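Asker: Chains as they are written, first to last, in numbering that gives the first Met the number 0: chain A, 0 to 366; chain B, 0 to 378.
Cβ atoms here follow ideal geometry from the backbone N, Cα and C, with glycine treated the same way.
Keep in mind it's a predicted model, so treat the numbers as computed, not measured.
Okay, handing you the structure first.
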Amino acid sequence: MTPQLEIAITAVIVSSACALLGVFLVLRKMAMMTDAIAHTILLGIVMAFFFTESLNSPFLIIGAAIIGLLTVYLTELLQRTKLMAEDSAIGIVFPFLFSIAIILISRYAANVHLDVDSVLLGELAFVPFDRFIVFGRDIGARAIYIMGTILLIDLLYVALFYKELKLVTFDALLASVLGFSPILIHYSLMGLVSITAVGAFEAVGSILVIAFMVGPPVSAYMLTDKLRNMLIFSILIGLINAIIGYQISVFFDVSIAGSIAAFTGITFLAIFIFAPKRGMVTMIYTRRVQRIDYGVNSLLFHLYNHEDTNMEEEESNINSINQHLHWDKRFLEKILKKVVSSRYVVLSKGYLKLTPEGREHTIKSFK
Amino acid sequence: MSIEALMGDYTLQIVTLGSAMLGAASGVLGSFAVLRKQGLLGDAVSHAALPGIAFVFLITGVKHTEMLLLGALISGLMGTFVIISIHRYTKIKFDSALALTLSSFFGLGLVLLTYIQRIPNANQAGLENFIFGQASTLLKRDVYTMIVLGSIILLIVGLLWKELKIFSFDPEFAQSIGFSDRKINIILSGITVVAIIIGLQSVGVILMSALLIAPGVAARQWTDKLSVMVILASVFGIISGVLGTAASSLAANMPTGPAIVVVISLIVFFSLFLAPNRGILWRYLKMRRNSREINEDRILVNLYQLALNHDDIYHAHQVAMLTPIEIVEFKAEKNMVKSLHSLAAKGYVRGDYFDTWAITDAGIEQAKRIVVENGGESL
């Protein structure tokens, strides 16, 4: 395998694993909690590193998972005191644990591989240097095997507990009535998130993990309402981000993870603007159409209501009708253009009159 | 460096002054952010400032602090705008919008920073200090900038005090009496971004959010008055800024941002535990006092009922007989004796031989009162 291919494969595996779990995080409103975990696992890694003096020990993953769960627990503990808002609790726990980790690294581990930059920012480019050697044979980059295993565990977890995850995510109350434990699902999910984040942190760093976990699901969320589709779209978008982001970074010779994270934002922006149903373009267009439709109907109803009554002259006068409808002149002109061009209304001597088509349309739209 | 040398160190005095200004400004604005439940917005905005810094350096090629901070300000505001637009135009939750924006902007910032590292320019060293902050790199000019910006923030808050107050507690009411929600929101977000910008050099983009949230949360525990809260928050901010900077200058390899965050976090934990009325310790003691009083009442009523069913009203009963079924806590036997002693001290019961207890006349009166107070009929 060429180093480039190994980097690309690692990026793809990391983004799939993150995009998969991210769906549940986004739906369960845990995005910022995940951000917090991605930062605090650093403390677990540092402490495990001090004990084992090695960066490849499995204790690193265990230590990080424990700190990840501790972060969730501490945050919930602070929330339960009701002394602060939910987001404040996150904003207190994670900077505290993260700061301790940074101080420990800067003071005691500054001259080993575990320096602040590599932990925080990660470097996918270094992935091929760390080989996985079995019985003296080099079988590829270590990161591919580690992240591959984590991806398998994540896939297995989602496949096995799909029903439980779905139920707990959308109706936690019903889940607990039916005998599923929302707390168990909650903590097992957050445990897996921590493990996935640890696996990913060396490659992409602790801040960008969050782009991998939140970006693709949020983009997928703009495209579908079905959980199954959202999972599929999320992984696909994650793959696209990883591959194109990597190519961009190669072209400009810049940080790979940063480039993928930035491209994640671009993908989302494109979907945000152009998504078929919920994109901004569609939304603005729909709102405008609805506004005009509403205006046309209101005007027609107004004229129809006062037709052949003694108020007709006053109510259909072109100079004062905007006051009766509480519209401004510009909106009235727009609507008038529309109704006149569709031949629903004719203007005669300063008064608006319904045409037979207009009358028919009014009655029809009322029904 | 010894403490005496520190006190006389002119550079350090300047740096400390800057940190104190930062603490004051972020404490004041953080109070509003905490009350409006927008603490984490600051986290996203500070991360979003990074690409602005890198971009300005990329085009100007010099490390001119004011220009870099202007870039940070613009990209921070852009980040805020993106978050608010996502929240307004889609069904995406606020926290997802925050997480997405902060990581994409930060990613872009990293891309630009690594790009800058590739171009030969001796000036670039130190740009990464914006990530974690390094107060020792502050120049006198930088501190003047911080003081000017901080004073502007405090002045604006002072002028808009009434509006900010009403919007923090009852935005619907504020709108109904004609204040513009949008205007206040824009002003408050704007000056919050400025406060974040002030802190970028000494605290860095990653931890700046803590300085916005923590002083407000700590101050909230000690008071229910907004004015007191804002002043306390800025005092806490100043203390952590000054102590954190001092720690970072005294100890080798101690980054300033994390040091400040650890200090302010300790202040938060201290406040959560010890603040009167709201504090955890206070509430625990109050709960214990309440449950003890309830238990004593129940024991007395129980004893009263036993007495009524006995030929001799003043007959002494054994502890096991007296224990009410609905007693509030465990460790029954030990606590029962404790409660009985406390009742005896008040003259409601009388201890007899073999650990048996009898009611007194005063106890009967008191028991009748308790029964009536709790809505029961006098027996």
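By how many angstroms is the C-alpha of I212/B removed from the C-alpha of G29/B?
Answerer: Each residue's Cα considered, the two are about 5 Å apart.
Asker: Does the CB of K28/A have a neighbour CB from chain B at under 7 Å?
Answerer: With 7 Å as the cut-off, K28/A counts as an interface residue toward chain B.
Asker: Please name the residue in L73/A, V203/A, A84/A and I66/A whose C-alpha comes closest to that of C369/A.
Answerer: Absent from the model: residue 369/A. The displayed extent of chain A is 0 to 366, so no value can be given.
Asker: Under the DSSP definition of a beta bridge, which residues are partnered with N294/B?
Answerer: According to DSSP, which records beta bridges pairwise, N294/B is partnered with nothing at all.
Asker: Quick check on the burial criterion: 16 or more other C-beta atoms within 10 angstroms. Buried or exposed for S319/A?
Answerer: Exposed: under 16 other Cβ atoms inside 10 Å.
Asker: Go to A35/A, then tell me how far its alpha helix (DSSP H) extends in each direction, as first and last residue.
Answerer: Looking at the DSSP string, the run of the alpha helix (DSSP H) that includes A35/A is A30 to T51.
Asker: Looking only at its chain, what residues have a beta carbon closer than 7 Å to the beta carbon of V92/A, apart from the 5 residues adjacent to it on each side?
Answerer: So the list reads A35, T70, L73, T74 and L77, once near-sequence residues are dropped.
Asker: Take the Cβ of F412/A as the centre, count every other Cβ of all protein chains shown within 10 Å, and call the residue buried at 16 or more, exposed below.
Answerer: Since the first residue shown for chain A is 0 and the last is 366, residue 412/A is missing from the structure and cannot be characterised.
Asker: Assuming V197/A and A64/A form a contact by the criterion Cβ under 8 Å, report the distance between their Cβ atoms to the nearest whole angstrom.
Answerer: Between A64/A and V197/A the Cβ distance is about 7 Å, and since that is below 8 Å, they are a contact.
Asker: With DSSP collapsed to three states, give me the class of L299/A.
Answerer: Helix at L299/A.
Asker: Please go through the same chain and pick out, in chain order, the residues whose beta-carbon is closer than 8 Å to the beta-carbon of F262/A, but skip the five residues on each side of it.
Answerer: Around F262/A: N240, I243, G244 and I247.
Asker: In the DSSP assignment, find the unbroken beta strand (DSSP E) run with A140/A in it and report its ends.
Answerer: Run containing A140/A: R136 to A140, per the beta strand (DSSP E) assignment.
Asker: Taking 7 Å as the CB-CB limit, is D169/B close to chain A?
Answerer: False, the Cβ-Cβ gap to chain A never drops below 7 Å.
Asker: Should R219/B be labelled buried (16 or more other beta-carbon atoms within 10 Å of its own) or exposed?
Answerer: Classification for R219/B: buried.
Asker: Quick test of the definition: if touching needs 3 or more C-beta pairs under 8 Å, does the segment 39-49 of chain B touch the segment 71-79 of chain B?
Answerer: Contact between the segment 39-49 of chain B and the segment 71-79 of chain B is present, because at least three Cβ pairs lie under 8 Å.
Asker: Which of helix, strand or coil does DSSP assign to I176/B?
Answerer: The answer is coil: DSSP assigns I176/B none of H, G, I, E or B.
Asker: Looking at the secondary structure, which residues open and close the beta strand (DSSP E) in which F131/A lies?
Answerer: R130 to V133 is the span of the beta strand (DSSP E), which, as asked, contains F131/A.
Asker: Give me the DSSP bridge partner(s) of N316/A.
Answerer: Per DSSP, Y350/A.
Asker: Taking the Cβ atom as the reference point for each residue, do T10/B and V241/B lie within a distance shorter than 7 Å?
Answerer: Going by C-beta atoms, T10/B is not nearer than 7 Å to V241/B.
Asker: Locate the beta strand (DSSP E) running through R35/B, then write down its first and last residues.
Answerer: Note, R35/B: premise wrong, no beta strand (DSSP E); not H, not E.
Asker: Is there a Cβ of chain B sitting closer than 7 Å to that of V288/A, yes or no?
Answerer: Judged by the 7 Å Cβ criterion, V288/A is not in contact with chain B.
Asker: Closer than 7 Å by beta-carbon distance: list the chain A residues that pair up with P257/B, in chain order.
Answerer: The contacting residues are S98, I101 and I102.
Asker: For the segment 62-146 of chain B, list the beta strand (DSSP E) runs that are entirely contained and at least 3 residues long, ordered along the chain.
Answerer: Fully enclosed beta strand (DSSP E) runs of 3 or longer: not present.
Asker: Only counting runs of 4 or more residues, tell me where the alpha helix (DSSP H) segments fall wholly within the segment 230-295 of chain B, in order along the chain.
Answerer: Runs found: 255-273.
Asker: Count the other CB atoms within 10 Å of the CB of H360/A; is the residue buried (16 or more) or exposed (fewer)?
Answerer: Buried, because 16 or more other Cβ atoms sit within 10 Å of the Cβ of H360/A.
Asker: Jot down the residue ranges of each uninterrupted alpha helix (DSSP H) in the segment 135-197 of chain A, minimum 4 residues, whole runs only, in chain order.
Answerer: Runs of the alpha helix (DSSP H) inside the segment 135-197 of chain A: 141-159, 161-169 and 171-176.
Asker: Report the three-state DSSP secondary structure of T263/A (helix, strand or coil).
Answerer: T263/A: helix per DSSP, three-state reduction.
Asker: Find the residues of chain B that neighbour I209/A, judging by a C-beta separation of less than 8 Å, and give them in chain order.
Answerer: What I209/A touches in chain B: A98, L101 and S102.
Asker: Using a C-beta to C-beta distance shorter than 9 Å, which residues of chain B count as neighbours of M279/A?
Answerer: Result: S84, Y88 and T89.
Asker: For the alpha helix (DSSP H) that contains W221/B, what are its first and last residues?
Answerer: Start and end: M207 to W221.
Asker: My output table needs one value for T355/B: the three-state DSSP class, helix, strand or coil.
Answerer: The answer is strand: DSSP assigns T355/B an E or B state.
Asker: Return helix, strand or coil for H325/A, following the three-state DSSP convention.
Answerer: If DSSP states are grouped into helix, strand and coil, H325/A belongs with coil.
Asker: Who does V345/A pair with in a DSSP beta bridge?
Answerer: DSSP, once it has assigned bridges, lists K352/A as partnering V345/A.
Asker: How far does the alpha helix (DSSP H) with V25/A in it reach, from first residue to last?
Answerer: V25/A -> alpha helix (DSSP H) spans P2 to L26.
Asker: In angstroms with no decimal places, state the Cα-to-Cα distance between D94/B and I190/B.
Answerer: Those two C-alpha atoms are separated by around 22 Å.
Asker: So is L59/A buried or exposed if we call it buried at 16+ other beta carbons inside 10 Å?
Answerer: It counts as buried.
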